[in-house]
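Engineer: Sharing a structure with you now.
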Amino acid sequence: MPELPEVESARQALESALDREIQAVDDNDEWVSRPHRPGDIARALVGGRLVAAHRRGKTMWLDTVGPDGEAGPPLGVHLGMGGRIIVTGPDGERGGGEPVRPDRTPRKAEWDRFTMTFTDGGQLRLFDKRRLGRVRLDPDLSELGPDAETITREEFRTRVGRGRAPVKARLLDQSVLAGVGNLLADEILWQAAVSPSAPAGDLDGDTLDRLYAAMQRAIAGAIANGGAHTGEVNPFRHADASCPRCGAPMVHGTVGGRTTWWCSAEQS
DNA sequence: AACAATGTTCAGTC
DNA sequence: GGACTGAACATTGT
27 MPELPEVESA RQALESALDR EIQAVDDNDE WVSRPHRPGD IARALVGGRL
77 VAAHRRGKTM WLDTVGPDGE AGPPLGVHLG MGGRIIVTGP DGERGGGEPV
127 RPDRTPRKAE WDRFTMTFTD GGQLRLFDKR RLGRVRLDPD LSELGPDAET
177 ITREEFRTRV GRGRAPVKAR LLDQSVLAGV GNLLADEILW QAAVSPSAPA
227 GDLDGDTLDR LYAAMQRAIA GAIANGGAHT GEVNPFRHAD ASCPRCGAPM
277 VHGTVGGRTT WWCSAEQS
């Protein structure tokens, strides 16, 4: 599920885990917790607490303090391709930040890849069937571009509008701009009526501004409606679909290494 | 069985 | 050496 909108909702869920004493940490999944060894994260955090939940693009990190109140190592959290954050209270009920839509995903215990238990009995869990999520101490954020939700129009123009790579690849490049994923990218390009494979450096200022406006709307809409999959074109990303705006056939291919759908008439 | 999946990363190539 | 591409990563669902 996770693109910027889903990650923002996960970040909000993490806020209900703040200021609670950490009693235990299960960091035994060596893939999800790489490059740490099992027990490394537990040793660093047990006895302390989380004090703030941040997000940039699809990456989250939690500020921590030790038992003495001194700052501890930040804990980075990434949801990968399908991870989710679950925070429970003392009696096991769900914490805040739950998805707008009810969720029927089965909760197999083996899909909990990382678990933090608080002294009040509640938990913070990274639930991820595909196991591409990640948790690590002192995450490196230096390769991340500015957040897609707050980047300025000028910055968007100069960062996105360059290079020979397809504009979609540019939108997906997290070092250019952090937060846009595959569905959001297709939605933005369709809203702005721009071909996904147009070389980014060829786009004029008006086109880049249109992309910027479309991105802002797409992100705000997705946050309000519960996810990147709620975009307007999303229902038309399948064979035999017609563009909901002009009726021309929707077509697909691979652009920027990802499956891409676009309107054969308006985005040529 | 083969392939795609709302993501990231690393090894290659130009 | 930077920019760019494609495969690999772990796992599930179609």
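Mind the numbering: the first sequence is residues 27 to 294 in my numbering, read in order. Backbone N, C-alpha and C fix where the C-beta goes; we use that ideal spot for every residue, glycine too.
1. Which one of Ile112, Ile67 and Gly74 has the shortest CA to CA distance from Gly102?
2. For Val91, which residues from the same chain have a beta carbon less than 8 Å from its beta carbon, with the 5 sequence-adjacent residues on both sides left out?
3. For my contact list, Gln293 and Ala219 are in at a C-beta cut-off of 8 Å; report their separation, rounded to the angstrom.
4. So within the region 164-249, which uninterrupted alpha helix (DSSP H) runs reach at least 4 residues, ignoring any that extend past its ends?
5. Specify, as a first and last residue, the run of the beta strand (DSSP E) that Ala254 falls within.
6. Tell me which residues share the same chain as Asp164 and place their Cβ nearer than 8 Å to its Cβ, disregarding the 5 neighbours each side in the sequence.
7. Give the straight-line distance between the Cα atoms of Arg151 and Asp173, rounded to the nearest whole angstrom.
8. Go ahead and pull the three-state DSSP assignment for Pro31.
9. When you compare the region 260-276 with the region 225-242, are there three or more beta-carbon pairs, one atom per stretch, that lie closer than 8 Å?
10. Put Glu56 into one of helix, strand or coil per three-state DSSP.
11. Going along the chain, which residues of its own chain have a beta-carbon closer than 6 Å to the beta-carbon of Leu88, five neighbours each way excluded?
Structural biologist: Let me spell this out:
1. Ile67
2. Gly74, Arg75, Val77, Ala97 and Gly98
3. So it is a contact: roughly 6 Å between Cβ atoms.
4. 179-186, 193-198 and 208-217
5. Per DSSP, Ala254 belongs to no beta strand (DSSP E) and is neither H nor E.
6. Pro99, Pro100 and Gly102
7. 25 Å
8. It is helical.
9. no
10. coil
11. Taking Leu88 as the centre and dropping the five residues before and after it, the same chain places the C-beta of Leu76, Ala79 and Leu101 closer than 6 Å to its C-beta, in chain order.
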